[in-house]
Structures are given as C-alpha cells and as structure tokens.
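Number 229 in our numbering belongs to position 204 of the sequence shown; there are no gaps in the numbering. No residue lacks a Cβ here, since even glycine has one placed at the ideal position from N, Cα and C.
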Amino acid sequence: MSGTIDNERNFVRKATEIYGPEFQDHLRSKGFVSHWFLHYWAAFSEIANSRPFGPKVLDLGCGPGWSSIFLAGRGCEVTALDVSDDMLAIAAENAARLGFAGRITFRQGDMQSPALAIDEGVYDSALVMDALHHCADDVAVLRNTYRALKPGGSIVVVEPDWFHQYSPSSANDRKLFGTTERGLSSRTIRRSLVAAGFGKPERFYCVYATPAGGLVARMKAVIASVATVSVGYPHRPVLMYARKPE
Numbered sequence: 026m027s028g029t030i031d032n033e034r035n036f037v038r039k040a041t042e043i044y045g046p047e048f049q050d051h052l053r054s055k056g057f058v059s060h061w062f063l064h065y066w067a068a069f070s071e072i073a074n075s076r077p078f079g080p081k082v083l084d085l086g087c088g089p090g091w092s093s094i095f096l097a098g099r100g101c102e103v104t105a106l107d108v109s110d111d112m113l114a115i116a117a118e119n120a121a122r123l124g125f126a127g128r129i130t131f132r133q134g135d136m137q138s139p140a141l142a143i144d145e146g147v148y149d150s151a152l153v154m155d156a157l158h159h160c161a162d163d164v165a166v167l168r169n170t171y172r173a174l175k176p177g178g179s180i181v182v183v184e185p186d187w188f189h190q191y192s193p194s195s196a197n198d199r200k201l202f203g204t205t206e207r208g209l210s211s212r213t214i215r216r217s218l219v220a221a222g223f224g225k226p227e228r229f230y231c232v233y234a235t236p237a238g239g240l241v242a243r244m245k246a247v248i249a250s251v252a253t254v255s256v257g258y259p260h261r262p263v264l265m266y267a268r269k270p271e
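As structure tokens, then:
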C-alpha cells in the first residue's frame with residue numbers, strides 16, 4: 026500500500042509535469058468551474074440542511090480545499106486533512122485568497138492509516154467528499170473518522186458510485202499515476218459505515234440523478250462508447266449520512 030500512497034502524494038507534481046501549469050490552475054478554480062463538484066456540493070448541502078451537521082467539522086481527503094472552503098462559508102470551523110503536501114499548499118492558497126484561512130486548519134496525514142494522529146472525540150461532524158474511492162481500505166478511513174467524532178457526531182459521505190472504476194479518466198489515472206480509483210456501491214459504503222461502528226446509515230439521492238434516470242444515462246454512455254474513443258460517463262453519486270451512537 027505504501028507505493029500507492031506515495032503515488033497519491035506525488036499526484037500533483039506528476040500531473041503538472043504531464044499537463045503543464047494548467048492542471049494547477051484547474052485545482053485553483055475547481056470549486057467554481059467543475060460542474061460535478063458543484064452537483065456534489067449541492068447534494069451535500071441538502072443533507073446538511075436537513076440533518077445535524079457541524080459546527081466543528083473534519084474534512085477528510087480535502088484535496089485542493091474547496092469542500093473545506095465551502096464548509097467554512099457555512100460557518101463551520103474546519104480541520105482539513107490530506108495525504109498530499111502539494112494539495113494542501115494549493116488548498117491553503119485557495120482558502121487565503123477567499124478570506125477563509127482563519128477558519129480552516131490544514132493537516133497532512135494518511136486518512137486510512139491506523140497510526141493516523143487525530144484528535145479523538147472532538148468533532149461534531151465529518152465530511153468525506155470524492156475521496157474515499159482513492160483509498161484501498163475504506164473501513165479504516167471510517168474507523169479513524171469514528172474515533173474523531175464526539176458521541177452522536179455525524180458523517181456525510183459523497184462519492185462517485187461503482188461505475189467510476191470503469192470510466193476513461195479512472196483508467197487514465199491508474200495508468201499514468203498509479204493512483205487508486207475504486208468504484209464504491211451504496212451497499213459497500215453502507216456496510217463499511219456499519220463495520221466502522223456507525224448507526225444505521227441513511228441514503229440520499231441527487232435530484233438530477235434518480236435511479237431510473239441514472240440507468241438511462243448509463244445505457245446511452247455505453248452505446249456512445251462503442252462509437253467513440255473518448256466519452257463522458259454519468260456519475261450518480263452515492264450519498265450517505267450516519268451518526269456515531271451517543
């Protein structure tokens with residue numbers, strides 16, 4: 026696993042070597058230009074507005090910091106964790122540029138390591154957004170999250186579903202960078218949350234990606250892929266909410 030973790034740590038540097046400085050420019054603007062990130066955030070907001078969430082939040086796998094920044098914009102006090110120092114540097118830059126540096130603490134660490142140094146029992150809530158599929162051991166991540174939360178604390182997981190592993194972009198990243206690109210079904214995430222100790226998870230759906238609509242979109246993508254070399258594919262994110270028992 027250490028080799029894969031090293032690949033995750035070095036992803037920004039290697040991607041910049043291949044794609045040029047435009048790659049880091051994308052990381053600096055992703056929160057406002059990535060339609061998938063904005064869809065994910067809108068879905069998360071619906072959950073956070075209807076269930077207990079925050080105000081002291083642990084953001085695991087924060088990447089370039091947009092989830093942390095938007096959490097701070099909601100008034101949360103955020104601790105943002107990522108395995109990559111390069112990602113954290115860009116995240117801190119993004120937060121400072123938008124005036125949220127004082128509300129976010131950035132920390133480096135492997136969120137799936139049993140040895141992860143983390144404050145235990147101090148967070149009201151946790152968010153794992155578009156990050157769990159980069160981990161070989163999702164249960165380990167959720168166990169670390171569990172011990173970081175206060176009794177009764179909540180977690181929201183927002184992830185691309187099982188189809189992600191078959192996407193052209195995932196295959197490309199595995200080939201070029203050696204990063205982990207898994208597909209996680211709602212059943213897998215539900216079981217992992219329970220295995221980590223959380224109470225009965227609740228599943229939510231995006232209004233733009235109902236089960237029936239997702240099926241139709243996938244069928245169209247499969248048909249299109251036969252005729253094209255490169256084709257987009259429909260993300261139907263898995264949205265889960267669970268709480269640590271009191």
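Span of the beta strand (DSSP E) around residue i
i: S150; result: Y148 to M154
Residues that residue i bridges to, as DSSP identifies them
i: F131; result: A105
i: Y266; result: V181 and E227
i: L174; result: Y148
8 angstroms contact criterion, which residue i and residue j should meet: CB distance rounded
i: A68; j: L264; result: 5 angstroms
i: I180; j: S150; result: 7 angstroms
i: E33; j: H159; result: 6 angstroms
i: L152; j: D84; result: 5 angstroms
i: T29; j: A161; result: 7 angstroms
i: Y171; j: A221; result: 5 angstroms
Contacts around residue i, its chain only, beta-carbon distance under 8 angstroms, and the 5 residues preceding and following it disregarded
i: G226; result: Sequence inspection shows Pro at residue 226; the Gly mentioned does not correspond to that position. Answer for P226: I214, R215, L218, V219, M265, Y266 and A267, listed in chain order.
i: G178; result: Y148, D149, S150, A151, R268 and K269
i: P262; result: H64, Y65, A68, V183, E184, P185, D186, C231 and A234
i: V247; result: Caution is warranted here: a pLDDT of 43 is assigned to V247, below 50, making its placement in the model unreliable, and the coordinate value is therefore given only provisionally. Here the set comprises nothing.
i: F95; result: G56 and W66
N- and C-terminal bounds of the alpha helix (DSSP H) containing residue i
i: L141; result: From DSSP, L141 is part of no alpha helix (DSSP H); its letter is neither H nor E.
i: D84; result: Per DSSP, D84 belongs to no alpha helix (DSSP H); it is in the beta strand (DSSP E), K81 to L85.
i: M112; result: D110 to R122
i: T204; result: Premise fails: T204 is in no alpha helix (DSSP H) and is neither H nor E.
i: E42; result: F36 to Y44
i: S70; result: H60 to S75
i: F125; result: First-last for F125: undefined, no H or E at that position.
i: S211; result: S211 to A220
i: L157; result: It is not in any alpha helix (DSSP H) - L157 carries neither H nor E in the DSSP assignment.
i: G98; result: W91 to G98
Cβ neighbour criterion (16 or more within 10 Å) applied to residue i
i: S54; result: exposed
i: K348; result: Residue numbering for the chain in the displayed model covers 26 to 271; residue 348 lies beyond these limits and cannot be assessed.
i: E184; result: buried
i: G100; result: exposed
i: T91; result: A small correction: the amino acid at residue 91 is Trp; Thr does not occupy that position in the sequence shown. Buried: at least 16 other Cβ atoms inside 10 Å.
i: V58; result: exposed
i: N74; result: exposed
i: S210; result: exposed
i: Q133; result: exposed
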